[in-house]
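Residue numbers (UniProt numbering), protein chains in the order written: chain A, 1 to 336; chain B, 1 to 336; chain C, 1 to 336; chain D, 1 to 336. Heads up, the beta-carbon is just placed ideally off N, CA and C, and yes, glycines get one too. The model shown is predicted, which means the values in this text are computed figures rather than measured ones. Here the structure is laid out as structure tokens; the discussion comes afterwards.
Protein chains: 4
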Amino acid sequence: MIDLRSDTVTRPDEAMREAASTAAVGDDVYDEDPTVNELEARAAEAVGMQAALYVPTGTMGNQIAARTHADRGDELLCERDSHIYNWEVGGLAQLSGIQARPIDGGARGVITPAAVHDAYVERTDHRPGTGLLAIENTHNQKGGIAITADEIDAAAAAADEHDVPTHVDGARLFNASVALDTPASRLLDSADSVMFCLSKGLGAPVGSMLAGSEAFVERAHRNRKLFGGGMRQAGLVAAPGIEALDNVDRLAEDHANARTLAAGLDAIDGLVAAPPETNIVLVETDDPAEAFVEAIAAEGVRASAFGEHTVRLCTHWDVDESNIEQAIERVERALD
Amino acid sequence: MIDLRSDTVTRPDEAMREAASTAAVGDDVYDEDPTVNELEARAAEAVGMQAALYVPTGTMGNQIAARTHADRGDELLCERDSHIYNWEVGGLAQLSGIQARPIDGGARGVITPAAVHDAYVERTDHRPGTGLLAIENTHNQKGGIAITADEIDAAAAAADEHDVPTHVDGARLFNASVALDTPASRLLDSADSVMFCLSKGLGAPVGSMLAGSEAFVERAHRNRKLFGGGMRQAGLVAAPGIEALDNVDRLAEDHANARTLAAGLDAIDGLVAAPPETNIVLVETDDPAEAFVEAIAAEGVRASAFGEHTVRLCTHWDVDESNIEQAIERVERALD
Amino acid sequence: MIDLRSDTVTRPDEAMREAASTAAVGDDVYDEDPTVNELEARAAEAVGMQAALYVPTGTMGNQIAARTHADRGDELLCERDSHIYNWEVGGLAQLSGIQARPIDGGARGVITPAAVHDAYVERTDHRPGTGLLAIENTHNQKGGIAITADEIDAAAAAADEHDVPTHVDGARLFNASVALDTPASRLLDSADSVMFCLSKGLGAPVGSMLAGSEAFVERAHRNRKLFGGGMRQAGLVAAPGIEALDNVDRLAEDHANARTLAAGLDAIDGLVAAPPETNIVLVETDDPAEAFVEAIAAEGVRASAFGEHTVRLCTHWDVDESNIEQAIERVERALD
Amino acid sequence: MIDLRSDTVTRPDEAMREAASTAAVGDDVYDEDPTVNELEARAAEAVGMQAALYVPTGTMGNQIAARTHADRGDELLCERDSHIYNWEVGGLAQLSGIQARPIDGGARGVITPAAVHDAYVERTDHRPGTGLLAIENTHNQKGGIAITADEIDAAAAAADEHDVPTHVDGARLFNASVALDTPASRLLDSADSVMFCLSKGLGAPVGSMLAGSEAFVERAHRNRKLFGGGMRQAGLVAAPGIEALDNVDRLAEDHANARTLAAGLDAIDGLVAAPPETNIVLVETDDPAEAFVEAIAAEGVRASAFGEHTVRLCTHWDVDESNIEQAIERVERALD
Ligand SMILES: [Ca+2]
Ligand SMILES: [Ca+2]
Ligand SMILES: [Ca+2]
Ligand SMILES: [Ca+2]
Ligand SMILES: [Ca+2]
Ligand SMILES: [Ca+2]
């Protein structure tokens, strides 16, 4: 079975397992886990922020960021197909009383400065004010689109004119960084906080990082406790996360594989796939997406239905070039 | 001063004052206020629903409806310029943990069946499910647009295919009814609940009605208590509300006056005003809206800035035809 | 029928009805209702605060106060039998994310400084911090107990040592004032805000006042809008409220009547009633409270079951001395 | 340094580290992690429930349980010194709109049936109804008190009379089981759900289990996602958790060590320590607790201030009998 449903399915390698089994640990609730502290320091450095916090999931990282930046009754600006709005069980409203104001970012899911100015709401007696701008990079639902540093800077500058901070949902931040050949820290020049996942393309089994200023992380720490994310000897899972930080350059292979995959699928009758920017391939199918997903599963390829006629395939470190070629053949066979 | 800021500025007439001063009252928290009970019965009849509840404001009526229909963690579909989403201080998220999913209803603010199907979200482990469709009629921010029975039926039918109920924010429902020459009850054929205001065009000093099935109103009653809307000898303010229900036909005058006003303003250089469907006139101004509002105020006409170059003027029973003509002259003078 | 269920059942007198029918009104959402503004000014003066806000109900006034003083995730200290904790549908948690920390105030429901220090929680990463102390005066469920100025000062001073503000739920504040022969403003010397009802012993049909500093009332104004309490031509109901402010001295009669009633009932076999401090009489019944309430209703006296063997009777301006004597006779007959 | 602050400070042993490094893993969000699934099955069996869910922390487990059992606006009954009320950042109110109703459980923190009946609130238009009873076992703040099966049965039966389910916060459930020589499943005979920690006395680095009926766990699964607890290749941390389930019998040593420690400390002038029921020793100190904690830290013993004159010391598998004797000597020296 070639599993292309998501880059979250990757399994830890030997180095990560070795790291887990030998990690120095302590009680992170007392801030005494040396491995967590090392991971947090290294993660902060990797994204050019003052401090970072280890959180069990990307969803928790985003929700903590929203709650830490925005007060109850604030609005959050986000792209209408963004993860924080669509795939986090409505946590903004449910957990923090935050109203989302989605912006249509077009085909690439880019939030323009004009859209920020247009959607900005000033706090009055009748209106919740805008409290946060969230930018997803890469943009998952649009197909792993890598938002450029200039695009982020422009949107964040618009938000900043209204004193609104910017959070980057960088679940796949390093995919953007590699694809754009831009340091992650440069992508975040205008951002006030960022969440990135250790557990997607970077291959760690568990965990995400939330980074920002020291003051932000201190307040985020309390919200992590509130959401039930304050783990104890977390060093054991943080250790593979440190290893994962070394896997950034390897993402280029995933991107090359994705381009191969997209080209191969696009050549098949009944399928259209645009060249991907990173590791996510969106395929338009003549058949209903669910039927297509079932058909290729029968041939040993797993993918995710993403719309009525849209299917997502992700490349990741558990699939290599030859797997990709096999996958294309199997899809071809499935559609015969 | 000719006050066209809103139809909420109307003052009660003698009949209403008389009704207030002679109303039989009791404790409505014990459901013993005969005047409130009469108002509730008459209001339910006026909109063709089983039961109705007297609430202090339209905002409370809408927020109670949302909370009564939708569970925490549900989504609410609404037009992106709707009152419930934009002008109720984010209450959906703050008070009830409901996430709004705004739909772009175009120039008239009409939610199409296709838009409902597209925006509908099935409840899964990752997604809040859609719990309610809200339709505003007339649509205030679009300029008092009267949504037709067929348009409501179509959207509600689409929602119903997904077992999603429909609430009508009918703050100005009777303006739509009069403009379309359609009984209010017909406009609500497919609706599960409706809120309408006694205090706008109908002229009552205070209060709105929330109507629906008996079961709905029973649960709404509890949420009214929660929001602090359970008043005592409310009959004193409910009595003018009963009078207000007789003022429906009079709304035709407001609409005629609005047409006169729009035509008169449109004829002025630097102003564009489309013919209004009901009692709300939106004027596009060459000057910034705020400056225009100040300028005409100096001449004795009050209006509301509604966008950077959009100004709203409402007709209502405190202004008659001659006031409208004066208003046009004064605006003309202000722009000279 | 002699209705002693509550002092909320009082009906407005001629002066109030006259006031309603002649009130100057305007749109209070624009802050242009002269009658509301007069009521707010007079109410602020009556309690010695800078400013006041007219709200439709006491519940809304308390909930606005809690939300305005305390941040989400704060705790509120209150007496365990207090109204804000027990009878407001859990609004603290539901509407504002505030956790209540109830204090056992003993037979009179008095919160001592020691209890405040003991219950105070410092905000840490694991604990919500104490954000507000609420004191109910008179204390309804304890039987209309009048908390003295010294008692309030002592508790508020303890709270103040921890920088915790004090709100007084003074639904029946003026009953306390009259019973203690202490000006309301003196009772509030240490309070940061107060809610008092126009619609209980003072006899107005609808409404309560929330008073505090100008900054507090300004923020409370926004929360009133959020909760749906921003009414339009509210002057019509505010006018009887102004009349109601003149009814403070009359409360002494209610208190005298309550003492007569308690003495009369206590003399009856199977009933125990302590001398009341204000207008609320609690009677311990040998029979189950519900059965007792039914039995006396059959004889034409209405009361409220308040516990398994506790019944509450309230005196108010719709019952005079002769009614009280009749009521005692009827209860006696009912128990024969 | 002999660290007796908490049993959360234990470090994983070789077997756990080995398990982590060799665990079969999969994506638990897709429910495909075989190690997590094995842990969940074994945990369910260990507590005699149908199903179980792996959660990152005990706090999240408790908060999920509360939200899954109780609707917004429900009340939760708990002991006034319980963890769920005091140490989870007010999550009940903040995350789920649940109002806590704390019960004074006396010296041992036992909730009696009478207390349940007394505190039970029937849902009305004015009152949130009771939605859940939570019992903490062992009761941490009372000093590791082991609540007996009969005590739990009695309280749960009282709750059940009102159709209120019972959740057991069993962060240290197996300490109670061992101390009482009662199977954990017997302790839970009347419980509808239980949370227990793998990471305290059982020694796992990370994680807790939430168990209940299959229907309960299915709904809990969604709330885990909402709170951000849905981890990916969680098998790597779940594997040590499976090992931890074998450590139940070992808790007897911790209890013996705690008795030795308490006796030794109680013999010291200025200290009073009652014989502990499990692994938690509470010491009353003449000196302020903070000063005492500092003084013994200087001698190499760490403990937690737990009140103004109360200090908590926990035994766990990183301290053996000789450490305990050393600890007593060091405390003696510190107080000289
Ligand atoms: Ca740390
Ligand atoms: Ca093709
Ligand atoms: Ca009624
Ligand atoms: Ca005012
Ligand atoms: Ca007696
Ligand atoms: Ca599972």
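* Decide yes or no for the touch test of the segment 315-332 of chain C against the segment 282-299 of chain D: beta carbon pairs closer than 8 Å, at least 3 of them. => With the cut-off at 8 Å, the segment 315-332 of chain C and the segment 282-299 of chain D do not touch.
* Asked: Between Arg-250 (chain B) and Arg-302 (chain B), what straight-line distance do the alpha-carbon atoms span, to the nearest angstrom?
  -> 22 Å
* Asked: What is the rounded straight-line gap between the Cα of Glu-161 (chain C) and the Cα of Asp-118 (chain C)?
  -> 13 Å
* When you compare only the Cα positions, how much space is there between Lys-142 (chain C) and Arg-80 (chain A)? -> Going from the Cα of Lys-142 (chain C) to the Cα of Arg-80 (chain A) covers about 54 Å.
* Around the C-beta of Gly-106 (chain B), are 16 or more other C-beta atoms found within 10 angstroms, so that it is buried, or is it exposed? -> Residue burial is scored here from C-beta neighbours: Gly-106 (chain B) has fewer than 16 other C-beta atoms within 10 angstroms and is therefore classed as exposed.
* Listed by chain order, chain C residues near Asp-125 (chain A) by CB distance under 7 Å -> His-221, Arg-222, Lys-225
* Can you check whether the CB of Pro-128 (chain B) is closer than 8 Å to the CB of Val-9 (chain A)? -> Cβ distance not < 8 Å, so Val-9 (chain A) and Pro-128 (chain B) don't count as in contact.
* Kindly give me the distance between the Cβ atoms of Ala-55 (chain A) and Leu-210 (chain A), rounded to whole angstroms, as I take these residues to be in contact under 8 Å. => For clarity, residue 55 (chain A) is Val in the given sequence; the question names Ala instead. 6 Å between Cβ atoms; contact.
* For the candidate residues D:Asn-137, D:Asp-189, D:Leu-335, whose alpha-carbon lies nearest to that of Asp-169 (chain D)? -> D:Asn-137
* To do: Can you tell me which of the three DSSP states Ile-147 (chain B) falls into?
  => coil
* Between the beta-carbon of Leu-4 (chain D) and the beta-carbon of Val-319 (chain D), is there less than 8 Å? -> yes
* Start-to-end residues for the alpha helix (DSSP H) that takes in Pro-240 (chain A) -> That run of the alpha helix (DSSP H) goes 235-244.
* Asked: Is it a yes or a no for the segment 172-189 of chain D touching the segment 145-158 of chain D, going by three-plus beta-carbon pairs under 8 Å?
  -> yes
* Asked: Interface residues of chain A around Gln-94 (chain D) at Cβ under 9 Å?
  -> What Gln-94 (chain D) touches in chain A: Leu-95, Ser-96, Leu-226.
* To do: Report yes or no: do the segment 40-55 of chain C and the segment 219-227 of chain C share at least 3 C-beta pairs separated by less than 8 Å?
  => yes
* To do: Determine contact between the segment 224-239 of chain C and the segment 18-25 of chain C, defined as no fewer than three beta-carbon pairs at a distance below 8 Å.
  => yes
* If you draw a straight line from the C-alpha of Val-164 (chain D) to the C-alpha of Gly-61 (chain D), how long is it? -> Using only the alpha carbons, I get a separation of about 19 Å.
* To do: Kindly identify the DSSP beta-bridge partner or partners of Val-283 (chain B).
  => Answer is B:Ala-273, B:Val-311, bridged to Val-283 (chain B).
* Asked: Hey, how far is the Cα of Ala-159 (chain A) from the Cα of Gly-201 (chain A)?
  -> 30 Å
* Asked: Hey, out of B:Gly-270, B:Ala-334, B:Gly-229, B:Ser-193, whose CA is closest to Glu-214 (chain B)'s CA?
  -> It is B:Ser-193 whose Cα lies nearest to the Cα of Glu-214 (chain B).
* Can you give me the Cβ contacts of Leu-334 (chain A) inside the same chain, cut-off strictly under 7 Å, excluding the 5 residues immediately before and after it? => Residue identity check: residue 334 (chain A) is Ala in the sequence provided, not Leu. Ala-295, Ile-296, Ala-298, Glu-299.
* Asked: At what residues does the beta strand (DSSP E) containing Pro-102 (chain D) begin and finish?
  -> 99-103
* Compute the Euclidean distance between the alpha carbons of Ala-115 (chain D) and Gly-307 (chain C), then round it to the nearest angstrom. => 15 Å
* To do: Return the Cβ separation of Ala-244 (chain B) and Gly-203 (chain B) in integer angstroms, given the expectation that the two are a contact with Cβ distance under 8 Å.
  => 5 Å
* Residue burial classification, Asp-28 (chain D) (beta-carbon count within 10 angstroms, cutoff 16) -> buried
* Asked: Should Arg-72 (chain C) be flagged as near chain A, meaning a C-beta pair shorter than 8 Å?
  -> yes
* Does any C-beta atom of chain A lie closer than 8 Å to the C-beta of Ala-114 (chain B)? -> Chain A, which has no Cβ nearer than 8 Å to the Cβ of Ala-114 (chain B), makes this no.
* To do: Taking 8 Å as the cut-off, decide whether the C-beta atoms of Thr-112 (chain A) and Ala-155 (chain A) are in contact.
  => yes
* Tell me the DSSP bridge mates of Leu-53 (chain D)? -> Beta-bridge partners assigned by DSSP to Leu-53 (chain D): D:Leu-210.
* In or out: Ser-322 (chain A) buried (at least 16 other Cβ within 10 Å) or exposed? -> exposed
* Asked: Helix, strand or coil for Ala-15 (chain D) per DSSP?
  -> helix
* Whole-angstrom Cβ separation of His-83 (chain C) and Ala-171 (chain C), contact assumed at under 8 Å? -> Between Ala-171 (chain C) and His-83 (chain C) the Cβ distance is about 7 Å, and since that is below 8 Å, they are a contact.
* Under 7 Å Cβ-Cβ, which residues of chain B neighbour Pro-56 (chain A)? -> Under the 7 Å cutoff, chain B gives no residues; its nearest Cβ is about 16 Å from Pro-56 (chain A).
* To do: Using only alpha-carbon positions, find the residue among A:Asp-181, A:Arg-17, A:Thr-166, A:Thr-57 that is nearest to Thr-278 (chain A).
  => A:Asp-181
* Asked: Any C-beta of chain C sitting closer than 8 Å to the C-beta of Val-29 (chain B)?
  -> Contact of Val-29 (chain B) with chain C is assigned, a C-beta pair being separated by under 8 Å.
* Could you have a look at Ile-2 (chain C) and say whether DSSP puts it in helix, strand or coil? => strand
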